[in-house]
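Since the structure comes first, as structure tokens, the remarks are kept for the end.
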Amino acid sequence: MNDYIRLTGIMVGFGALASLAAQEAAPNPTAWKTTATIGAALTRGNSETLSVSGGINTAKKWSQNELSFGTGFAYAEDKDSVTASTITGFGQYNRLFNERLFGFGRVDALHDDVSDIAYRASLSAGLGYYLIKNDKVTLTAEVGPGYVFERIGAEKVYPDGTVERYWDDRDYATIRFGEKFTWQITKTARFWQSLEYTPMIEDWSDYVINAEAGIATKISEHFDLRIVAQDTYRSVPAAGREENDFKLLGQIGYTF
3 MNDYIRLTGI MVGFGALASL AAQEAAPNPT AWKTTATIGA ALTRGNSETL
53 SVSGGINTAK KWSQNELSFG TGFAYAEDKD SVTASTITGF GQYNRLFNER
103 LFGFGRVDAL HDDVSDIAYR ASLSAGLGYY LIKNDKVTLT AEVGPGYVFE
153 RIGAEKVYPD GTVERYWDDR DYATIRFGEK FTWQITKTAR FWQSLEYTPM
203 IEDWSDYVIN AEAGIATKIS EHFDLRIVAQ DTYRSVPAAG REENDFKLLG
253 QIGYTF
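Under the working numbering, the residues of the sequence shown are numbered 3 to 258, in order.
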């Protein structure tokens, strides 16, 4: 419970600070744009599986400020085995210095039962640049220092072969490299892609890569159908866990 309280406190604190900064922006801001998503699948018979995923993302832009927040979850089981159980969250504030250059502050949070990550909280700040910025296509690049607090599963093997599992608390400095691409293909179809690479400063062989790509097609003014691929690669995973986690999600989105 304390892990959830800690993550929630970080996200709420960041949101409050970012909102106060954005309120000082120039007039005529755009409205908040919020999208909620949900997806589910159930099989019975020769196979018994259940998967549920969803989330909510919201963003707002002023003339010199940009705010975005999001949270998501994924759960899947095969008979009595849980194959996915994650909760994620992020918040980012951008301050534009001109049409393309901006400074940013960002916080990310993760809880993953299957990967044996009790929590991972990442704080980062730095500079970003719009390499492409028009009505149909945007491409941004970001770089800056960061800091990670995490609790992951570890194990100790004794001479008699006994294995003791325990939580390993770690905190360390990182460098965050990120990029994001969006493309409004048509009035009803949209594609997006993002990539993030965060190595530990003291040991660049210890790093995390997060990638996402998705496409959404409108079926009405507010609803869309979407397919999203998400991949996380951790070079040093929790003890007994794989380095790579991949998810392919089919969802319905509602934008308001």
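We put the beta carbon where it would ideally sit given N, CA and C, even for glycine.
| Check | Outcome |
| --- | --- |
| Helix, strand or coil for R122 per DSSP? | strand |
| Is T219 closer than 7 Å to A240 when the C-beta atoms are compared? | no |
| Taking Y149 and L125 to be in contact with their CB atoms under 8 Å, please state how far apart those CB atoms are, rounded to whole angstroms. | 5 Å |
| On the DSSP letters alone, give me the boundaries of the beta strand (DSSP E) that H113 sits inside. | L103 to D114 |
| Say whether the region 172 to 179 touches the region 150 to 157, bearing in mind that this needs 3 or more beta-carbon pairs closer than 8 Å, one atom from each stretch. | yes |
| Going by beta carbon distance, what residues of the same chain come within less than 7 Å of H224, once the five residues before and after it are set aside? | Y256, T257 and F258 |
| Where does I221 sit, in a helix, a strand or coil, going by DSSP? | coil |
| Distance check for S222 and V165, CA to CA, integer angstroms please. | 55 Å |
| Between which two residues does the beta strand (DSSP E) carrying S207 extend? | Element bounds for S207: n/a, residue is neither H nor E. |
| Which of the three DSSP states is assigned to S117 in this structure? | coil |
| Below 6 Å CB to CB, which residues in the same chain sit around V338 once its five sequence neighbours on both sides are set aside? | Since the first and last residues shown for the chain are 3 and 258, residue 338 lies out of range. |
| According to DSSP, is N240 helix, strand or coil? | With the sequence shown as reference, residue 240 is identified as Ala, and Asn is not the correct amino acid for it. A240: coil per DSSP, three-state reduction. |
| Please state if the CB of Y131 and the CB of R97 are separated by a distance shorter than 7 Å. | no |
| In this structure, how does DSSP classify N136 when only helix, strand and coil are distinguished? | coil |
| Do A38 and S53 have their C-beta atoms within less than 7 Å of each other? | no |
| Give the DSSP bridge partners of G128, in chain order. | F106 |
| Tell me the rounded alpha-carbon separation between D137 and Q186. | 8 Å |
| How would you write the range of the beta strand (DSSP E) that P201 sits in, first residue to last? | A191 to P201 |
| Flag this pair as yes or no: are the beta carbons of Q195 and G41 separated by less than 7 Å? | no |
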